[in-house]
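Notes for the one structure printed next.
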Amino acid sequence: MKLVAKLLVVVLCFQLTVPLFAKRPTLPAITPNSSGTPVIQIALLLDTSNSMDGLINQAKTQLWNIVKDLTTTRHNGQVPKIEIALYQYGNDGLSISNGYIQQVSPFTQDLDKISDALFKLKTNGGSEYSPQAIVHACNNLAWKQGEDNLRFLFIAGNEPFAQGSVTPQQACSAAKEKHVMVTTIHCGDEAQGKRDGWSNLPECTDGRALCINTDAKQQYIATPYDSTILHLNDKLNKTYYGYGAVGAAGMANQTRQDANSMSVASANAVERAVAKSTVAYKSADWDVVDAVKENKLDLAKAKKEDLPKELQNLTPEQRKKKVEELAQQRSAIQKEITDNEGKRQKYIAEQENKNTANSKDKNKTLQAKMTSAVREMANSKGFTITK
2 MKLVAKLLVV VLCFQLTVPL FAKRPTLPAI TPNSSGTPVI QIALLLDTSN SMDGLINQAK
62 TQLWNIVKDL TTTRHNGQVP KIEIALYQYG NDGLSISNGY IQQVSPFTQD LDKISDALFK
122 LKTNGGSEYS PQAIVHACNN LAWKQGEDNL RFLFIAGNEP FAQGSVTPQQ ACSAAKEKHV
182 MVTTIHCGDE AQGKRDGWSN LPECTDGRAL CINTDAKQQY IATPYDSTIL HLNDKLNKTY
242 YGYGAVGAAG MANQTRQDAN SMSVASANAV ERAVAKSTVA YKSADWDVVD AVKENKLDLA
302 KAKKEDLPKE LQNLTPEQRK KKVEELAQQR SAIQKEITDN EGKRQKYIAE QENKNTANSK
362 DKNKTLQAKM TSAVREMANS KGFTITK
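If you read the sequence shown in our numbering, its first letter stands for residue 2, the second for the next number, and so on.
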């Protein structure tokens with residue numbers, strides 16, 4: 002988009018949106034949740050146009066710390082389930098008929114799928130229609146209603162917000178209809194983000210307006226506990242047994258995401274291992290232990306060919322005993338990882354106190370801004386943070 006056209010969009014955006022969003026409206030009432038366990042849903046909408054490589058790098062390297070922080074939330078003493086969905090928009094490689102918008106993944110508890118998708122994202126182009134992306138996500142994702150569930154949408158980009166045929170007003174209406182709290186993340190200067198209209202929509206949906214520095218580099222601090230945690234992660238992986246049509250693919254993807262994290266930095270692989278030891282890491286779609294735990298697989302009724310080879314020649318009682326043993330082993334290993342993570346975080350805090358030079362950049366990353374916003378919004382809806 003040429004400079005004159007961009008300036009015209011900004012002026013029109015400002016004139017159209019300020020009156021609409023000048024006063025925070027009351028959101029529609031939400032009915033009580035009857036499903037039992039609370040759910041935190043996060044839809045992440047990322048601009049994958051040419052200038053957004055830094056955003057993609059932060060998303061794929063900081064996913065595990067974001068997830069780890071989410072596990073500290075509670076609602077009425079319960080640990081919420083965590084579901085993440087992923088969109089990309091503004092990429093010329095996507096279909097123009099859909100506004101250069103793609104649902105990369107629907108809501109899922111399988112975080113390895115999200116990690117795999119993030120590592121596959123490539124920037125290209127393009128035309129960034131942020132309001133249309135929001136409407137698409139609000140209308141096409143399976144949002145769980147109920148006042149005990151949290152519905153968050155985070156959209157990140159760096160061009161003027163009000164582009165395309167869908168208006169911010171329409172995006173506001175779509176979000177309110179599904180009780181979705183929209184948080185905008187402007188990639189760049191905060192003042193420029195306000196001029197470009199990124200701070201208006203959150204006022205309509207009880208969300209937040211954030212800005213990040215996509216050039217900020219993740220600062221990793223090596224600790225004496227890293228090698229122990231990575232060794233425990235190898236042991237943890239051996240407690241996963243794939244089953245059914247997607248079992249082999251699930252196990253392969255778990256290994257691939259371990260490798261992806263290690264390719265970033267050893268400390269990033271450690272953070273992934275720690276996240277795998279939390280309640281947020283679910284693999285019931287392909288892992289026998291999680292599937293049995295969540296009543297998605299009946300070992301007594303399962304077809305022999307659907308089971309992993311380690312269980313195929315066992316009696317139903319022997320299968321049950323073996324899976325119980327694997328579950329106990331997994332739990333013990335996860336506790337060891339958690340214990341070492343506590344020591345690791347203490348060591349990191351001590352090192353950061355000695356060197357505060359990087360603290361400014363650290364606080365402007367996607368991870369820092371998202372976790373802070375989620376905590377704030379969760380508290381406003383009656384959720385508590387355990388640490």
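C-beta: ideal position from N, C-alpha, C; glycine also.
What residue range does the alpha helix (DSSP H) around residue i cover?
i, result
"ALA250", "248 to 265"
"CYS159", "The sequence given here has Asn at residue 159, not Cys. Taken as a continuous stretch (DSSP letters only), ASN159 belongs to no alpha helix (DSSP H), as it is neither H nor E."
"PRO132", "131 to 141"
"GLN200", "The amino acid at residue 200 is misidentified as Gln; the sequence shows Ser. Element bounds for SER200: n/a, residue is neither H nor E."
"LYS347", "317 to 355"
"ASP117", "112 to 121"
"SER174", "169 to 178"
Going by the DSSP bridge assignment, what does residue i pair with across the sheet?
i, result
"CYS188", "ILE213"
"LEU151", "ILE41"
"VAL183", "LEU154"
"ARG75", "THR385"
"GLY243", "ASP288"
"LEU468", "As shown, the chain starts at 2 and ends at 388. That puts residue 468 outside it, with no answer to give."
Could you check where the beta strand (DSSP E) with residue i kicks off and where it finishes?
i, result
"LYS82", "82 to 90"
So what does DSSP say about residue i, is it helix, strand or coil?
i, result
"SER106", "strand"
"GLN146", "coil"
"ALA223", "coil"
"GLY126", "coil"
"ASP207", "coil"
"VAL280", "coil"
"ASN99", "helix"
"LEU308", "coil"
"LEU237", "helix"
"ASP299", "coil"
"GLN193", "helix"
"GLY55", "helix"
"SER373", "helix"
"ARG25", "For ARG25, the predicted structure reports a pLDDT of 43, less than 50, and the residue's modelled location is therefore unreliable. The matter cannot be settled from this model."
"GLN313", "helix"
"THR62", "helix"
"SER166", "coil"
"ASN380", "helix"
"THR366", "coil"
"LYS69", "helix"
"LYS218", "coil"
Buried or exposed for residue i, going by 16 or more other Cβ atoms inside 10 Å?
i, result
"ASN141", "exposed"
"ALA175", "buried"
"THR366", "buried"
"GLY1", "No statement about residue 1 is possible, as the shown extent of the chain runs from 2 to 388 and does not include it."
"GLY158", "buried"
"LYS277", "buried"
"THR215", "buried"
"ASP190", "exposed"
"GLU306", "exposed"
"THR316", "exposed"
"ASN380", "exposed"
"GLY91", "buried"
"GLY37", "exposed"
"PRO225", "exposed"
"SER284", "buried"
"VAL167", "buried"
"CYS133", "The question names Cys, but residue 133 is Gln in the sequence shown. Buried, since its Cβ has 16 or more Cβ neighbours within 10 Å."
"LYS355", "exposed"
"GLY78", "exposed"
"PRO29", "Note that PRO29 scores a pLDDT of 49, beneath 50, so its modelled location is shaky; the value from the coordinates is reported in the next line. Counting Cβ neighbours within 10 Å, PRO29 comes out exposed, since fewer than 16 surround it."
"GLN247", "At residue 247 the sequence reads Val, which differs from the Gln that was named. Per the 10 Å Cβ criterion, exposed."
"ILE57", "buried"
"ALA23", "Bear in mind that the predicted position of ALA23 carries a pLDDT of just 41, short of 50, making it unreliable; the figure below should be weighed with that in mind. Burial call: exposed."
"ILE386", "exposed"
With 8 Å as the threshold, decide whether the Cβ of residue i is near any Cβ in chain C.
i, result
"LYS283", "This model lacks chain C altogether; it includes just one protein chain."
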